[in-house]
Amino acid sequence: MFKTTVGIDGMACGMCEEHICSTIRKAMDVKKVSASHKKKLAEIITERPVDERLLREAIAPTGYGVTSFKCEPYEEKGFFAKLSGLFGGGKA
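Structure below.
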């Protein structure tokens, strides 16, 4: 899994956050996506690395600007991820 953090300029409210999340969901196969207008970023969880060019192309028509991009390996945390590891779903 991969976590991509994208700086987004121009979001001002919750509707802006939803617009960004909806745009990202339509453009790519995501496990989870969230956006914060206060932090000026979106976080995307995917099975495969996100193609920066495709993401920028998807967001450009919305009027918001991509200010940064960082994609890195991600390991789920939390109770259910730990359970999965206990029962053979984790790394060997």
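The working numbering puts the sequence shown at residues 1197 to 1288.
For glycine and all other residues, C-beta sits at the position ideal for the given N, C-alpha and C.
Margin query: I'd like to check one pair, S1232 with C1217: are the Cβ atoms closer than 8 Å?
Written below: no
Check: Once you ignore the five residues that flank K1222 on each side, which residues in its own chain have a CB closer than 8 Å to its CB?
Finding: A1254
Next item on the list: Indicate whether Y1260 and D1205 have their beta-carbon atoms separated by less than 8 Å.
Entry: yes
Next item on the list: Give me the Cα-Cα distance between K1227 and E1243, rounded to the nearest whole angstrom.
Entry: The alpha-carbon atoms of K1227 and E1243 are separated by roughly 7 Å.
Check: Distance, Cα to Cα, F1198 vs K1234?
Finding: 23 Å
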